[in-house]
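In the working numbering, the protein residues as written are 11 to 286.
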């Protein structure tokens, strides 16, 4: 399964928004049954998803269900018996046991877990490291976490994320890489701020994230560009791989006037994987 660069949320109770999301250039669409759908409309949202025509190309289709243990979970999971969805987005995950429970109930469909939405979740990142797990991606979110912690804001006086939420983000990145799954950066809430989104997405890509959540179709192109290796990055990565292919026993080599070692080779191989 190809790792999506852009994961676009869309409220599952809006047929108009769903049509626009499906027609977008997003790599994956997440039909949201949780936060963006009021309790009174969740049944209608499920009926809309059941009535979707068969997918023919375009974005992958994923569904964000309501949390495990909620009154809506049984009805949400009933969607996967017949509909054409790539996988399940699990909110408020607190560890690998939650993924295992969900997998048991969905027949091992791929799972994208949102892993930082409760205080307890921050202490369970290594529990996702299970080679038998259907876990495919891990992303982070600050909104539910800040509400649970009783924070008045997730930002400090300078407008930067406060330390707690930077920690949550870093733990998600490290946890995903440790588990061997895709690390996905969280949302950028101001969908009219292209400059801010571009800066945040490019920074996330430099840090090691390979995709990002989106809340509006207008964010997709910027995110796709940020997580697509540039021609120069691809050329440099090919040069590193070629150099080590020519000298397989070398520990350090000079490529383009710079010294590179085995970690650089791993990084280059990942860039070429993403380019493909």
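Just so it is clear, CB atoms sit at the ideal spot from N, CA and C, and this is done for glycine as well.
Give the range of the beta strand (DSSP E) segment to which residue i is assigned.
{"i": "residue 268", "result": "268-271"}
{"i": "residue 100", "result": "97-100"}
{"i": "residue 133", "result": "Looking at the DSSP string, residue 133 is not in any beta strand (DSSP E), and its letter there is neither H nor E."}
{"i": "residue 221", "result": "221-224"}
Does the distance from the C-beta atom of residue i to that of residue j stay below 7 Å?
{"i": "residue 36", "j": "residue 20", "result": "no"}
{"i": "residue 249", "j": "residue 265", "result": "yes"}
{"i": "residue 232", "j": "residue 197", "result": "no"}
{"i": "residue 223", "j": "residue 149", "result": "yes"}
{"i": "residue 126", "j": "residue 173", "result": "no"}
{"i": "residue 24", "j": "residue 227", "result": "no"}
{"i": "residue 101", "j": "residue 44", "result": "yes"}
{"i": "residue 178", "j": "residue 164", "result": "no"}
{"i": "residue 64", "j": "residue 94", "result": "yes"}
{"i": "residue 59", "j": "residue 89", "result": "yes"}
{"i": "residue 219", "j": "residue 193", "result": "yes"}
{"i": "residue 69", "j": "residue 107", "result": "no"}
{"i": "residue 239", "j": "residue 211", "result": "no"}
{"i": "residue 92", "j": "residue 234", "result": "no"}
{"i": "residue 109", "j": "residue 40", "result": "no"}
Which residues bound the alpha helix (DSSP H) around residue i?
{"i": "residue 147", "result": "Element bounds for residue 147: not the alpha helix (DSSP H) but the beta strand (DSSP E), 145-149."}
{"i": "residue 106", "result": "106-116"}
{"i": "residue 122", "result": "Unbroken run through residue 122 is the beta strand (DSSP E), 121-124; no alpha helix (DSSP H)."}
{"i": "residue 58", "result": "52-60"}
{"i": "residue 179", "result": "173-189"}
Comparing C-alpha positions only, which one of the options sits nearest to residue i?
{"i": "residue 118", "options": "126, 144 and 104", "result": "144"}
{"i": "residue 46", "options": "63, 69, 73 and 29", "result": "73"}
{"i": "residue 251", "options": "235, 234, 240 and 274", "result": "274"}
{"i": "residue 42", "options": "214, 85 and 55", "result": "55"}
{"i": "residue 147", "options": "90, 158, 50 and 188", "result": "188"}
{"i": "residue 244", "options": "90, 278, 69 and 263", "result": "278"}
{"i": "residue 195", "options": "96, 203, 213 and 201", "result": "213"}
{"i": "residue 183", "options": "221, 85 and 140", "result": "221"}
{"i": "residue 175", "options": "138, 131, 202 and 137", "result": "131"}
{"i": "residue 80", "options": "185, 181, 180 and 52", "result": "52"}
{"i": "residue 18", "options": "86, 209, 71 and 116", "result": "71"}
{"i": "residue 169", "options": "260, 128, 206 and 26", "result": "206"}
{"i": "residue 282", "options": "247, 267, 138 and 83", "result": "247"}
{"i": "residue 160", "options": "138, 167, 180 and 129", "result": "129"}
{"i": "residue 204", "options": "180, 66, 111 and 236", "result": "236"}
Just to confirm my understanding: we take residue i, look at its own chain, exclude 5 residues before and 5 after, and list those with CB closer than 8 Å. What are they?
{"i": "residue 113", "result": "119, 121, 143 and 144"}
{"i": "residue 115", "result": "87"}
By a C-beta neighbour count over all protein chains shown, 10 Å radius and 16 as the cutoff for buried, is residue i buried or exposed?
{"i": "residue 124", "result": "buried"}
{"i": "residue 104", "result": "buried"}
{"i": "residue 135", "result": "buried"}
{"i": "residue 262", "result": "exposed"}
{"i": "residue 216", "result": "exposed"}
{"i": "residue 200", "result": "exposed"}
{"i": "residue 96", "result": "buried"}
For residue i, which residues from the same chain have a beta carbon less than 7 Å from its beta carbon, with the 5 sequence-adjacent residues on both sides left out?
{"i": "residue 254", "result": "260, 263 and 275"}
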